[in-house]
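Have a look at the structure below before the remarks.
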Amino acid sequence: MPSLSRLSAMLFARFARHVVVAAGLTLILASHPASAQSGRGGSFAGTWSVQVADAFGSRQSCSIELTGPGSIMGAHRANPRGCGSALVSVSRWQAQRGGISLNDISDRPLIMLRFGRGGLFGADEAGRPIRLTASGMQSGYGSDLPSFGSAPFSSGCSVYYGQSQRCAESRDLAAPRLAPGQTATVRIVYPFNLRQFPSLGAPALALIPVDTCIVADSCARQSDGAEWCRMRWSGLTGYVVKTFERDGRRRILFSNGCGPG
Numbered sequence: 035m036p037s038l039s040r041l042s043a044m045l046f047a048r049f050a051r052h053v054v055v056a057a058g059l060t061l062i063l064a065s066h067p068a069s070a071q072s073g074r075g076g077s078f079a080g081t082w083s084v085q086v087a088d089a090f091g092s093r094q095s096c097s098i099e100l101t102g103p104g105s106i107m108g109a110h111r112a113n114p115r116g117c118g119s120a121l122v123s124v125s126r127w128q129a130q131r132g133g134i135s136l137n138d139i140s141d142r143p144l145i146m147l148r149f150g151r152g153g154l155f156g157a158d159e160a161g162r163p164i165r166l167t168a169s170g171m172q173s174g175y176g177s178d179l180p181s182f183g184s185a186p187f188s189s190g191c192s193v194y195y196g197q198s199q200r201c202a203e204s205r206d207l208a209a210p211r212l213a214p215g216q217t218a219t220v221r222i223v224y225p226f227n228l229r230q231f232p233s234l235g236a237p238a239l240a241l242i243p244v245d246t247c248i249v250a251d252s253c254a255r256q257s258d259g260a261e262w263c264r265m266r267w268s269g270l271t272g273y274v275v276k277t278f279e280r281d282g283r284r285r286i287l288f289s290n291g292c293g294p295g
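Going by the numbering used here, 113 is the number at position 79 of the sequence shown; the sequence numbering is gapless.
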């Protein structure tokens, strides 16, 4: 039977090995801040190379720094560098399911980017492609990345317009900003149930058909990040979510206006 001193030495040696392994894993993860994206806010933090197409289809390059949640006031800051007018209004970012959104100072989404092989992909309001590539990935994935041109990326839209096959415009990505007492008339672009409270698990009050214009009197982001608006329709008051995902595609359920889509 080993002595007490020998047993203590064995236990200390085993503990030391665990500490060394844990420290090694920490160093490995710290050296690759943006190469393995898990969809969590912190995993997208870092400096990204940006490629955008101008109005003539020419490729322009710049960079953007995405800060983690530990930044000032807990905000996820976005700092474009040398991107000109393409990202001039971008100052924040937010992790979304399957990617991120680039937002303005009021956290209104301007550009939706979807994470795919080799980086983040999306398009601006005019449909011009935007690609973010993490440092060190340019040479390894260059041949696999979608090409630039007058059309959006072949990988599809970050967010689709209702049940159509086209991309939603940036003006329709976020719910209307309504002051107390203010209302907005919106158009349903995907058939959806009016819910009793803002949750997909809430009881359905009625199915609202496509192309119905209804009045929203308040909109708010819920704890899960989804935006819901309270709406009145056919004598009923309930809630409709702004975006949802089905069959691998994220879609808006209503446009921010009653004009034709």
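The beta carbon of each residue, even a glycine, is placed where N, CA and C say it ideally should be.
Residue i vs residue j beta-carbon contact at 8 angstroms
i    : j    : result
R285 : C247 : no
S95  : I145 : no
G133 : S192 : yes
V274 : C263 : yes
A209 : E279 : no
M265 : V244 : no
Q128 : S119 : no
Residues of its chain near residue i, where Cβ-Cβ distance is below 6 angstroms and the 5 sequence neighbours each way are ignored
i    : result
Q197 : Y224
G156 : I145, M146, L147, I164 and S192
T167 : S83 and G153
Coarse secondary structure for residue i, derived from DSSP in three states
i    : result
G272 : strand
R151 : coil
G80  : strand
G156 : strand
S257 : coil
L121 : helix
S204 : helix
S233 : coil
Identity of the residues DSSP links to residue i by a beta bridge
i    : result
N137 : R126 and P143
V193 : Partner(s): none; V193 has no beta bridge.
T219 : V249
Beta-carbon contacts of residue i that lie in its chain and below 8 angstroms, excluding the five residues immediately before and after
i    : result
D138 : S123, V124, S125, R126 and L144
A194 : According to the sequence provided, residue 194 is Tyr. The question's Ala does not apply to it. R200, C201, A202, R283, R284, R285 and I286.
P237 : R229 and Q230
Cβ shell of residue i (< 7 angstroms), same chain only, five flanking positions each side left out
i    : result
I62  : Here the model assigns I62 a pLDDT of 38, short of 50, so the residue's position is not dependable, and the following value carries that caveat. Counting only Cβ-Cβ distances below 7 angstroms, and skipping sequence neighbours, we find nothing.
T101 : A79, H110 and R111
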